[in-house]
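> The structure's right below; bear with me while I get my questions together.
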Amino acid sequence: QVQLQESGPGLVKPSETLSLTCTVAGGSISTYYWSWIRQAPGKGLEWIGYTYFSGRTNYNPSLKTRITISLDMSNNQFSLRLTSVTAADTAVYYCARDLGAGLGPFDYWGQGTLVTVSS
Amino acid sequence: EIMMTQSPATLSVSPGERATLSCRASQSTKSNLAWYQRKPGQAPRLLIYGASSRATGIPARFSGSGSGTEFTLTISSLQSEDVALYYCQQYSYLPPTFGQGTNVEIK
Numbered sequence: 480q481v482q483l484q485e486s487g488p489g490l491v492k493p494s495e496t497l498s499l500t501c502t503v504a505g506g507s508i509s510t511y512y513w514s515w516i517r518q519a520p521g522k523g524l525e526w527i528g529y530t531y532f533s534g535r536t537n538y539n540p541s542l543k544t545r546i547t548i549s550l551d552m553s554n555n556q557f558s559l560r561l562t563s564v565t566a567a568d569t570a571v572y573y574c575a576r577d578l579g580a581g582l583g584p585f586d587y588w589g590q591g592t593l594v595t596v597s598s
Numbered sequence: 559e560i561m562m563t564q565s566p567a568t569l570s571v572s573p574g575e576r577a578t579l580s581c582r583a584s585q586s587t588k589s590n591l592a593w594y595q596r597k598p599g600q601a602p603r604l605l606i607y608g609a610s611s612r613a614t615g616i617p618a619r620f621s622g623s624g625s626g627t628e629f630t631l632t633i634s635s636l637q638s639e640d641v642a643l644y645y646c647q648q649y650s651y652l653p654p655t656f657g658q659g660t661n662v663e664i665k
């Protein structure tokens, strides 16, 4: 059974960098595409981007200039960095495994972690 | 960006009755459409992909249909454990996008 778990700070100051890690258990990260998805309070689900073991990445154009998603195969983890955060980046952040080729569908998800941007 | 519109926002159904949820895409996504279920405090769960294929372990009472721009998720006989928020998602175009969700409750 594949399990994903997000970890990282729950509070980030405005203009700083949000960093989250997703640890994958029960399966190798060297197959499948791996994505980050978020949901701001009162808003819908928003896909952030994906990474693949080949090093390939793709990002949501609305966030592209601020995102880096990377893979750490030695620890079976992948990570999200989002720079220059504002209150609009306050959200529950999910990591997910992609059953397809980068855009979904997403068959395994983490529980989600709330990140609040506030001074 | 493809807009996904779900209706209704809230659906109240008696136990054992049929629940029908709709999802409309702003342009054709062929059959690249998934449905998810999310219960409070839990991770989203993939129910349907390819518009009509059930994901592993999903009960047969869940079925999906449609193609192009109009899609439907049907719960043939609503159980109490089906109370949840349901989302559709298109994966034809970058970025993949989700509907706002339909909240299914017991009448």
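As you go down the protein sequences, you meet chains A and B in turn. The opening residue of the first sequence carries number 480 in my numbering; numbering runs sequentially from there. The opening residue of the second sequence carries number 559 in my numbering; numbering runs sequentially from there. Every residue, glycine too, gets a C-beta built ideally from N, C-alpha and C.
1. Taking the CB atoms as reference points, tell me whether residue 579/A and residue 651/B lie closer together than 9 Å.
2. Let me check understanding here. Comparing Cα to Cα, which of 568/A, 586/A, 577/A and 583/A lies closest to residue 489/A?
3. With a threshold of 9 Å between beta carbons, is residue 647/B in contact with chain A?
4. Below 8 Å, can you find three or more Cβ-Cβ pairs linking the segment 639-656 of chain B to the segment 580-587 of chain A?
5. So residue 589/B and residue 625/B are supposed to be a Cβ contact under 8 Å. How far apart are they, rounded?
6. Residue 595/B to residue 495/A, Cα distance in whole Å?
7. Between the segment 610-620 of chain B and the segment 559-573 of chain A, do at least 3 Cβ pairs fall closer than 8 Å?
8. Which residue spans inside the segment 509-574 of chain A form an unbroken beta strand (DSSP E) run of at least 3?
9. Could you please tell me which residues of the segment 557-589 of chain A, in chain order, have their CB closer than 9 Å to any CB of chain B?
10. How about residue 566/A and residue 522/A: do their beta carbons lie closer than 9 Å?
11. What is the DSSP secondary structure of residue 586/B, counted as helix, strand or coil?
12. Name, going along the chain, the residues of the segment 491-519 of chain A whose beta-carbon falls closer than 7 Å to a beta-carbon of chain B.
So, to answer that:
1. Within the first sequence, residue 579/A is the residue found at index 100, counting from 1. Within the second sequence, residue 651/B is the residue found at index 93, counting from 1. Not closer than 9 Å, so no.
2. The residue given as residue 489/A occupies position 10 in the first sequence. For the residues 568/A, 586/A, 577/A and 583/A, the minimum Cα distance to residue 489/A belongs to 568/A.
3. For the purposes of this step, residue 647/B is taken as the residue at position 89 of the second sequence. True, the Cβ-Cβ gap to chain A drops below 9 Å.
4. yes
5. Mapped onto the second sequence, residue 589/B falls at position 31. Mapped onto the second sequence, residue 625/B falls at position 67. Sure, about 5 Å apart at Cβ, within 8 Å.
6. Translated into positions along the second sequence, residue 595/B becomes position 37. Translated into positions along the first sequence, residue 495/A becomes position 16. Looking at the two C-alpha atoms, the distance is approximately 33 Å.
7. no
8. 512-518, 524-531, 536-538, 546-551 and 556-561
9. 573, 575, 577, 578, 579, 580, 581, 582, 583, 584, 585, 586, 587, 588 and 589
10. Along the first sequence, read from residue 1 onward, the residue named residue 566/A stands at position 87. Along the first sequence, read from residue 1 onward, the residue named residue 522/A stands at position 43. Cβ distance not < 9 Å, so residue 566/A and residue 522/A don't count as in contact.
11. Here residue 586/B is taken as the residue at index 28 of the second sequence, counted from 1. Three-state result, residue 586/B: coil.
12. none
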